[in-house]
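The structure appears below as structure tokens.
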Amino acid sequence: MRPNLLQFVALASAGVIKHKPGPNDIFSCGIPLPTFENGTRAASWAQYLDETQAYIGQNGQGATDMFANPVGRAPVRWPRNSDNKAVIPYCYQTEEVRKAALPIVSDGIRTWMSYLGPAGKEAGHAISFEEQLNSEGKPIYCTPDSKAPDEWNSALPHATLAIYWGGDEMGWSASVGLQPNQETPWANQLHIGDGECLHCVLHELGHVMGMVHEHQRSDRDTYIKVQYENINDFEECWERAKVKGDPKVTRSDICDNMRYALKYDCLCGHFVKGITGNLLPLFTLDVYDIDSVMHYPSSSGATTECPNYGSEESSNRCPIQVYIDYEDHSKGLTMLVPNLRPSDQDIKWVKHGYPYNVET
156 MRPNLLQFVA
166 LASAGVIKHK
176 PGPNDIFSCG
186 IPLPTFENGT
196 RAASWAQYLD
206 ETQAYIGQNG
216 QGATDMFANP
226 VGRAPVRWPR
236 NSDNKAVIPY
246 CYQTEEVRKA
256 ALPIVSDGIR
266 TWMSYLGPAG
276 KEAGHAISFE
286 EQLNSEGKPI
296 YCTPDSKAPD
306 EWNSALPHAT
316 LAIYWGGDEM
326 GWSASVGLQP
336 NQETPWANQL
346 HIGDGECLHC
356 VLHELGHVMG
366 MVHEHQRSDR
376 DTYIKVQYEN
386 INDFEECWER
396 AKVKGDPKVT
406 RSDICDNMRY
416 ALKYDCLCGH
426 FVKGITGNLL
436 PLFTLDVYDI
446 DSVMHYPSSS
456 GATTECPNYG
466 SEESSNRCPI
476 QVYIDYEDHS
486 KGLTMLVPNL
496 RPSDQDIKWV
506 KHGYPYNVET
């Protein structure tokens with residue numbers, strides 16, 4: 156289901172064309188490291204799980220968000236201001252980060268807003284992204300001193316979304332929705348992996364608003380086939396599990412159970428059904444949406460054996476394949492390319508999650 160273009164979408168069309176995925180475009184977004192109750196960030200998910208003994212259920216019912224989870228643990232929607240807008244305030248970590256990340260972040264926001272329309276009654280939604288500026292209209296950076304990148308700028312609310320530039324080494328990741336604990340800063344994050352990947356930034360901005368992975372829905376097996384063994388770190392992940400000597404872990408467990416996927420630092424944590432890397436179950440809004448920007452393409456997390464987009468080769472070496480006919484799987488599978496614009500259901504989700512007609 157592809158969206159009908161709004162009358163003003165042509166304004167962003169050049170940006171969309173510029174970011175057409177290349178033949179080797181491989182994307183997988185990360186899960187930001189969790190924060191303990193005292194505000195310090197865990198060194199790894201393994202540390203967090205060991206020290207908190209966090210419970211992870213496996214009964215999620217599929218989905219697009221986590222907002223129905225217990226208060227205090229789950230992310231929440233971004234709040235309304237006096238103009239009835241649900242503003243997502245953001246800052247760049249430093250001036251250098253802004254110079255590197257501004258073009259792709261601006262393209263991502265512009266593309267989302269081109270399909271949504273500006274917040275208001277006519278568009279039917281209230282969401283708005285706003286960079287934090289001083290009285291002179293100049294950017295306020297997350298940290299006041301680039302030599303102390305972990306120091307938070309006291310001029311900014313703790314809830315401000317902090318944008319990092321990680322380059323290829325750190326990759327792409329984002330926190331989901333507004334984090335519930337705002338007593339300490341840095342909880343809301345957007346990591347930019349590079350300056351060229353439009354579908355990556357669209358995906359991460361979806362997370363920031365509160366959306367989660369479509370391909371992790373519990374009903375996904377009707378529509379796609381996921382093969383964990385085709386994820387590029389699967390064998391290394393399995394070796395790490397064996398070295399730890401956990402007698403309960405089997406080869407299939409490490410990617411069927413989020414606890415194991417996080418504990419052994421496995422990329423397949425982004426593919427586990429019915430639960431997110433934030434250790435919370437998922438909830439559905441509508442039917443499965445193969446066209447969502449929140450759905451991984453076939454190449455996500457793939458090895459070099461997964462064929463390039465447009466190739467006539469078989470896609471059976473890719474982590475994700477799409478059934479040609481959802482009702483008759485015998486007709487085979489095909490590749491899923493990156494989605495370069497929000498789908499109809501993505502737009503519906505925003506309007507449902509952030510409707511304009513809410514009294515303040």
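Quick note, the sequence shown lines up with residues 156 to 515 if you use our numbering.
Glycine included, each C-beta is placed from N, C-alpha and C at the ideal position.
With respect to the 8 Å criterion, L440 and H507 are classified as neighbours on the basis of their beta carbons.
Of the residues assessed, G292 falls on the exposed side of the cut-off, its CB having fewer than 16 other CB atoms within 10 angstroms.
P436 is bridged by DSSP to I430. Remark: three or more beta-carbon pairs, one from each stretch, lie closer than 8 Å, so the region 362-370 and the region 449-466 are flagged as touching. The C-beta separation of R235 from A229 comes to about 19 Å, leaving the pair out of contact by the 8 Å criterion. A Cβ-Cβ distance of about 13 Å is found for the pair R372 and Y481, leaving them out of contact under the 8 Å criterion.
Checking the DSSP bridge columns, you'll see Q476 partnered with K380.
Within the region 296-375, the alpha helix (DSSP H) runs of at least 4 residues that lie entirely inside it are, in chain order, 322-325, 353-364. With fewer than 16 other CB atoms across the displayed protein chains lying within 10 angstroms of its CB, L288 is exposed. Annotation: the region 239-275 contains the following complete segments of the alpha helix (DSSP H) (minimum length 4 residues), in chain order: 250-271.
Nearest in C-alpha terms to Y245, of all of Q337, K254, L316, P294, is L316. Secondary structure note for I409: its alpha helix (DSSP H) is the uninterrupted segment 408-411.
Secondary structure of V505 (DSSP, three-state): helix. Distance from the Cα of N385 is smallest, within the candidate group L422, L435, H362, T377, for L422. In terms of Cβ geometry, L495 and I475 do not form a close pair [threshold 8 Å]. For E277, there is no enclosing alpha helix (DSSP H), as DSSP gives it neither H nor E. Secondary-structure assignment with DSSP links E460 through no beta bridge to anything.
In this structure, DSSP gives V231 an extended state, which the three-state scheme calls strand. E338 and R472 have their C-alpha atoms some 45 Å from each other.
For V398 and N387, the gap between their C-alpha atoms comes out near 19 Å.
For E291, there is no enclosing alpha helix (DSSP H), as DSSP marks it with neither H nor E.
With contacts defined as CB atoms closer than 8 Å, Y378 and V477 qualify as a contacting pair. Following the DSSP letters along the chain, one finds E285 in no alpha helix (DSSP H) but inside the beta strand (DSSP E) bounded by residues 282-286.
Counting along the chain, V398 sits inside the alpha helix (DSSP H) bounded by residues 389-399.
Under the three-state reduction of DSSP output, L495 falls in the coil class, being neither helix nor strand. Sorting P299, P340, L360, T458 by C-alpha distance to the C-alpha of A329 places L360 at the top. Per the DSSP secondary-structure output, L488 pairs in a beta bridge with Y478.
From the listed residues Y419, R395, W320, L311, the smallest Cα separation to K254 is found for W320. Here G279 has K506, Y511 as same chain residues with Cβ atoms under 6 Å from its own Cβ, once five neighbours each way along the sequence are excluded.
S407 and F426 have their C-alpha atoms roughly 13 Å apart.
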